[in-house]
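Structure, as structure tokens:
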RNA sequence: GGGCCGUUAGCUCAGCUGGCAGAGCAGCAGACUCUUAAUCUGCGGGUCGAAGGUUCGAUCCCUUCACGGCUCACCA
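Numbering (our numbering), first residue to last: 269 to 806.
Set out below in structure tokens:
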């Protein structure tokens, strides 16, 4: 008898295994050691919503989520902040956006002041933010959002901007350490959006040493003097902005992509610049990019369709999306697959689940590791008892047998408990989507309708098919093996090759030469679906 | 030019803080009169990129080199 109940988390993290086995726990331990004991650990993530937020960006979010989970499991309090850098400049029109002309006229404006050309949201930035915000809770991610545009526009960072100006020589020096061309002597660590055009095509002329700054709009030639305490268009450039926020939020952990993490990259300069703001650089690690397999190959294909979280959730259950990321070390590249690999991923996940619940025996080391991956993959806590498992391949068949009617599929499953239905329904939807969108042609079928003209078959094959009728009428009396034998018997007594009969049967059932393993397939479909299809050959 | 990552079975990779080299797939053999990359059983398969060093012991740590990928030095 298998133990299919949830193990105690303390068993997994007990003294016996006080060495953490999972990367998230190792990083969490490092954060605690590096930053010292604190009441609350601040974990930060952030991106610029300058286009559809794709699955590559999601890696950053989920990495932080996994670390916050690990910190919490280590008994710590955590604040997970997510910064929408929506006061960044609109620099390039992505391929998948409508009304490119209008968007092009908005280049150099902050993305929060660019319209949503699809007409759904208040502005362009919001159009990219909101769909993701709506989806994140589904995968168990619930950060505290910070909208940088909103902050900058109400002069929230006036004090910090002044600090940057006061230390502009120091900041310039830090940045110059890694620049091929040094910044000019009169460089100012601010950029200004013109109040005449909203664009950042401006030149800062002077700073009065306190709160006033004067700039010229390059497009209109007009000059204006602003008060930092009330101005809405002044912001820090990225390499000053990022460390400023580390200091302001007292960030303990923030990962970054490899573009930021190279030597001379923005993390490198920021960990110097942050001193100016009286802070220290957070603990960090670098995560690698992710690739796409079985769908274009690039996250953002040239046709303009982007692989985003919604696109991945079409195919993968939320806990399996988490599993993909939790099961891969952040600094290694991996591919999100839409091809046959999908089946393998589901099978791997199910194996991981069985290991967690003790329904599959493995070595102690592997058990500890898989169990932790399983826990981190769950949107909430793992269920008390093991969820209903159904092999994904079989499910794909069931869905096609029932013409995509998921409620029928669920009804056909014996011993399905009420509390298991929600997850299973989700798996059904994903399987149906996969079959429809990505499965190879060989994999797809649909049962013929009795109303259609029955395929022409003749000779011994027809005789054999006819002789199967009594068997199908009594289908419930046969188990799979017996049915299989009956099929061979039918072929033999009619004097045809079993192969021919198989071929004929698939023609009758699904109008193809091949299909799912026949005996099992017929049993699964049941007498009611099969009999009418064979009736014409009586 | 700097940095980071990688190089392990035919393929894809695991091997996380040094202790007899692993998995899946492919291959081979056998079984099922069989079919969604069919299923089951068994088997073979490796100079752990190269050369040094540390160690009782190195795929693992250090140094150098080769090849491959990414990234920074503009902006964000």
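A virtual CB, placed ideally from N, CA and C, is assigned to each residue, including glycine.
Note that this is a predicted model, so its numbers are computed, not measured.
Go ahead and pull the three-state DSSP assignment for residue 281.
Note that residue 281 scores 41 on pLDDT, short of 50, meaning its location in the model is unreliable; the coordinates nonetheless yield the value given after this. DSSP places residue 281 in coil when its eight states are reduced to three.
What residue from 464, 558, 403, 805 has the CA that sits closest to residue 489's CA?
Residue 489 has its Cα closest to that of 464, out of 464, 558, 403, 805.
Where residue 378 and residue 352 are concerned, what is the direct C-alpha to C-alpha distance, given to the nearest angstrom?
Rounded to whole angstroms, residue 378 to residue 352 spans 12 angstroms at the Cα level.
Helix, strand or coil, according to DSSP, for residue 656 in the structure here?
Residue 656 falls in the coil class under three-state DSSP.
Would you kindly report the start and end of the unbroken beta strand (DSSP E) that includes residue 491?
491-495 is the extent of the beta strand (DSSP E) around residue 491.
First and last residue of the alpha helix (DSSP H) that includes residue 606?
Run containing residue 606: none; DSSP gives neither H nor E here.
Rounded to the nearest angstrom, what separates residue 546 and residue 429 at their Cα positions?
Those two C-alpha atoms are separated by around 13 angstroms.
Tell me, please, which residues DSSP counts as bridged to residue 482.
Beta-bridge pairing links residue 482 to 474, 493.
Across which residues does DSSP place residue 525 in a beta bridge pair?
In the DSSP output, where bridge partners are listed per residue, residue 525 has 555.
CB of residue 654 to nearest heavy atom of the ligand GTP: below 7 angstroms?
As far as ligands go, the structure on display features none, and thus does not contain the ligand GTP.
Among the candidates 512, 317, 323, whose CA atom is the shortest distance from the CA of residue 359?
Considering only alpha carbons, the answer is 317.
Between the C-alpha atoms of residue 721 and residue 705, what's the straight-line distance to the nearest angstrom?
Straight-line Cα distance between these residues: approximately 28 angstroms.
State buried or exposed for residue 493, treating a residue as buried only when at least 16 other CB atoms are found within 10 Å of its CB.
By the neighbour-count rule (16 or more Cβ atoms within 10 Å), residue 493 is not buried but exposed.
Apart from the five residues just before and just after residue 295, which ones in its own chain have a Cβ nearer than 6 angstroms to its Cβ?
Contacts found: 335.
Can you list, in chain order, the residues of its chain whose CB lies under 6 angstroms from that of residue 421, leaving out five sequence neighbours each side?
Around residue 421: 500.
Residue 352 bridges to which residues according to DSSP?
Answer is 315, 415, bridged to residue 352.
Leaving out five residues before and five after residue 596 in sequence, what residues of the same chain have Cβ atoms less than 7 angstroms from its Cβ?
Answer for residue 596: 602, listed in chain order.
Which residue marks the beginning of the alpha helix (DSSP H) containing residue 374, and which one marks its end?
Segment: none, residue 374 is in no alpha helix (DSSP H) and carries neither H nor E.
Taking 8 angstroms as the cut-off, decide whether the C-beta atoms of residue 583 and residue 665 are in contact.
No.
If you draw a straight line from the alpha carbon of residue 289 to that of residue 561, how long is it in whole angstroms?
Going by the C-alpha atoms only, they are around 29 angstroms apart.
Please list the terminal residues of the continuous alpha helix (DSSP H) segment that includes residue 340.
That run of the alpha helix (DSSP H) goes 323-341.
Let me check one thing: in DSSP terms, what residues is residue 576 bridge-paired to?
BP columns for residue 576 point to 322.
Return the Cβ separation of residue 598 and residue 511 in integer angstroms, given the expectation that the two are a contact with Cβ distance under 8 angstroms.
With 8 angstroms as the limit, residue 598 and residue 511 do not qualify as a contact, their Cβ atoms being about 22 angstroms apart.
Which one of 369, 350, 356, 399 has the shortest CA to CA distance from residue 414?
Considering only alpha carbons, the answer is 350.
May I ask you to report which of helix, strand or coil DSSP gives residue 806?
Residue state, collapsed to three classes: coil.
On the three-pair Cβ rule with 8 angstroms, is the segment 323-335 touching the segment 575-591?
Flag = yes, the segment 323-335 and the segment 575-591 touch.
Within the chosen definition, does the segment 394-413 reach the segment 646-653 through at least 3 CB pairs nearer than 8 angstroms?
The segment 394-413, when compared against the segment 646-653, does touch it at the 8 angstroms Cβ threshold.
Please list, in chain order, all residues of the same chain as residue 552 whose beta carbon is under 8 angstroms from its beta carbon, the five residues on each side excluded.
Excluding positions up to five away in sequence, the list reads 521, 522, 523, 524, 529, 535.
Which word fits residue 507, buried or exposed, when buried means at least 16 other C-beta atoms lie within 10 angstroms of its C-beta?
Flag for residue 507 reads buried.
Nearest to residue 660 by CA position, among 540, 619, 687, is which residue?
Of the listed residues, the one whose Cα sits closest to residue 660 is 619.
Within 8 angstroms, do at least three Cβ pairs link the segment 764-772 to the segment 708-716?
Too few Cβ pairs lie closer than 8 angstroms, so no.
Using 8 angstroms as the cut-off, can you tell me whether the segment 747-754 makes contact with the segment 770-789, which would need three or more C-beta pairs spanning the two stretches below that distance?
Segments in contact, yes.
Could you tell me the distance, in whole angstroms, from the CA atom of residue 427 to the CA atom of residue 505?
The alpha-carbon atoms of residue 427 and residue 505 are separated by roughly 15 angstroms.
Do residue 443 and residue 537 have their CB atoms nearer than 8 angstroms?
It is a contact, given that the beta carbons lie within the stated cut-off.
Count the other CB atoms within 10 Å of the CB of residue 348; is the residue buried (16 or more) or exposed (fewer)?
When all chains shown are included, residue 348 counts as buried.
Using the Cβ count rule (16 or more neighbours within 10 Å means buried), how would you classify residue 502?
Answer is buried; the Cβ neighbour count reaches 16.
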